[in-house]
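In what follows, a single structure is set out as structure tokens and then discussed.
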Amino acid sequence: MPLPLLTTDSRQGPIQTRHRARSKGKYRLAAPIVCLLSSTLLCGCAAGLMSMPGAAMLADRFGSDKDEEKVDDEKDQDSKKSKKSKLEDDDDDFSTSIKTPTLSEYMSVQGNTIITVRGVGLVTGLNGTGGDPSPSALRTQLGNEMSRRNVKDSKQILASQDTALVVVTAYLPAMVTKGQRFDVRVAIPPQAKATSLKGGYLLETRMFEEANVEGRGALKGHEYALAGGAILTNLGVKGSSEERQGELMYGTIPGGAVSRTERDLSIIVRREKKGFRNSKRIADAVSERFNRYNNFGQKIPCAVAKQDDLISLKVHPQYINNFPRYQAVIRSIAFNETEVARRIRVEKLARELMDPEKAQVAALQLEAIGDSGIPFLKDALESTDFEVKFQAAQALAYLGDASGIAILKDAARDQPAFRVYAFVAMSVIDDADSVLALRELMDSSSLETRYGAFRALKELDPHDPWLSPVVFDSRFLMHVIDSPGEAMVHVTRRRSPEVVVFGPEQELQLPAVLNAGRHIRVKGDI
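Anchor point for the sequence shown: position 96 equals 104 in this note's numbering, and the numbering is continuous, going up by one each time.
In structure tokens form, the structure reads like this:
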């Protein structure tokens, strides 16, 4: 009976004995492995193990002092690389803050060229210096125009010694608006009998774009303008009689042409960006920043997409006298930018604005952003660098902010390189401070500064009482400026027929001789 019990005990006994033997075998194998690893490290083959987790701990335990310094250096380098990688990852998260494209990468602007327009006209009031034109295509053209206007006795009028046939030339400027005036040049054609245009008046003349076609001569295009007015000639005082006579055979009419059309700019989408979707998005980006009002008081966009690669662009009233800057601002508008990216970019531009070498570009981009850029531009007014202050003040002026008036005034008075830009910027700020600054500059010792201030004030407010305009028989304007500075008279030969007198108490130095027409001479004695 005890045999089964003894058999069971005897079976368990050997099993436990074998288990313990195996366990002891495992422990006996572990020691040589540890020794092998330790010897491997001590023999200098730790390079492969250093990349394993816990390698630094083993190096601290088994390595020499030199190895410890090497590991520390590697750890520092890894830490720097990790930080750099993290910063790069952060930049990637906000990549639009650095890589935001501007419209200059998507488009170009066309329409900056002038258009030459011509016409054939009739000048009257010449007091015997005119003449009957010889038979020619010009005479035929003028005769047809007189018939069109139902002029009677046209042959007798052309034969009069007080009239002359003239060729009228003008240059239609870029971005001209309907009703805008521009200059006209009037000349007597070669081999004509007329000898002088002095004292003449050009009757209304239609101006056309012309193109010379082989075998067909000059062909007329669209009618772009009407010209007319009193002709301003040179004095005719050069040395030889031929030179004096040549001076009187041509003249100008400042502001004598009136545009009958509008010329808009064209935005051309680059070939690789071509598509109506991009065209519409570009037009929307421009119109979000620039819009205007029509004659009915309705707000309309300045840019309208016409085709997949063509956008029509109208000038904004704020830039009517500085359309190159208008185009530069448009090219600086960001394309497809998020609100977060814009805030980050504005902060970056604010830093660049303080750098004189980057101030101009940064100011243009802040101006392109709009009102959101005003606070950062105002901060730049406190800079110690004049270039930074001027660029910020100029951008603020086109944004309608008068904070930089004092800086623009200093630039106009003391910095000849910035003078013209300062006056143009001051002419768009509809603010009392701007008016007062321009009035003060008209008392400057510099003649250029005084007249520049006058032009800017006239652009800002043509009816300002300080200008005191006097009209002489619809032929020219005279402005008398009450200025305590040096006496000066300025006669302009472009844009507007006007005489500006600085100092109301001016007198002619006698003796003097003046011709009043062909048969009257005025002589003044002391």
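We put the beta carbon where it would ideally sit given N, CA and C, even for glycine.
The beta carbon of Phe398 is closer than 7 Å to those of Ile415, Ala419, Phe426 in its chain, skipping five residues each way along the sequence. In the structure shown, Tyr114 adopts coil according to DSSP, grouped into three states.
Under the three-state reduction of DSSP output, Arg529 falls in the strand class. Going by DSSP, Ser452 is part of no beta strand (DSSP E) at all; its letter is neither H nor E.
Taking C-beta atoms as the reference points, Arg421 and Leu446 fail to come closer than 8 Å. By the beta-carbon neighbour count (other beta carbons within 10 angstroms, threshold 16), Lys206 is buried.
DSSP links Leu210 through a beta bridge to Val131, Gly237.
By the neighbour-count definition (other C-beta atoms within 10 Å, threshold 16), Ile308 is an exposed residue.
Between the alpha carbons of Asp379 and Asp317 lies a distance of about 30 Å. Looking at Arg339, Tyr179, Asn523, Ser491, the one whose alpha-carbon comes closest to that of Gln514 is Ser491.
Across the set Glu347, Pro383, Ala388, Val354, the C-alpha of Ala388 shows the shortest separation from the C-alpha of Pro364.
Ranked by how close their Cα comes to the Cα of Gly263, the residues Cys310, Thr203, Gly187 have Gly187 in first place.
If only complete runs of 3 or more residues are kept, the segment 288-371 shows the beta strand (DSSP E) at 299-301, 307-309, 311-315, 318-321, in order along the chain. By the neighbour-count criterion, in which 16 or more other beta carbons inside 10 Å mark a residue as buried, Arg458 falls on the buried side. Judged by pairs of C-beta atoms under 8 Å, the segment 336-351 touches the segment 362-376, as three or more such pairs exist. Annotation for Tyr114: Val277, Arg278, Lys281, Asn286, Ile290, Phe343 place their beta carbon closer than 8 Å to its own, counting only its chain and skipping 5 residues before and after. Rounded to the nearest whole angstrom, the C-alpha separation of Glu345 and Gly283 is 19 Å.
With a cut-off of 8 Å on Cβ pairs, the segment 460-479 is not in contact with the segment 213-233, counting fewer than three such pairs.
Rounded to whole angstroms, the gap between the alpha carbons of Arg214 and Ile319 is 30 Å. DSSP links Glu231 through a beta bridge to Phe216. Within the segment 390-428, complete alpha helix (DSSP H) segments of at least 4 residues are found at 394-406, 413-422, given in chain order. With respect to Ala265, Leu240 sits apart: the two C-beta atoms are not nearer than 8 Å. The bridge partners DSSP lists for Arg502 come to none. Within the same chain, Met362, Lys397 come within 7 Å of Ser391 by CB-CB distance, once the 5 residues on both sides are set aside. At a Cβ-Cβ threshold of 8 Å, Ser504 and Leu475 do not count as neighbours. Counting only runs of at least 4 residues, the segment 136-163 fully encloses the following alpha helix (DSSP H) elements, listed from N- to C-terminal order: 145-156.
Taking 8 Å as the cut-off, the Cβ atoms of Gln118 and Leu227 do not count as close. Ala401 has its alpha-carbon roughly 16 Å from the corresponding atom of Val443.
In this structure, Asp191 keeps its C-beta atom at 8 Å or more from the C-beta atom of Thr269.
In the displayed model, Thr108 falls within coil according to three-state DSSP, outside both helix and strand.
Collapsing the DSSP output to three states places Val443 in a helix. Annotated as proximal: Ile413 and Asp441, with beta-carbon spacing under 8 Å. Shown here for Asn299: same chain residues with a beta carbon closer than 7 Å to its own, the five before and five after excluded, namely Lys307, Ile308, Pro309, Cys310 in chain order. Taken atom to atom, the span from the alpha-carbon of Thr500 to that of Pro424 is near 21 Å. For Val159, the CB contacts under 8 Å within the same chain, skipping 5 residues up- and downstream, are Ile165 in chain order. With 16 or more other CB atoms across the displayed protein chains lying within 10 angstroms of its CB, Ser267 is buried.
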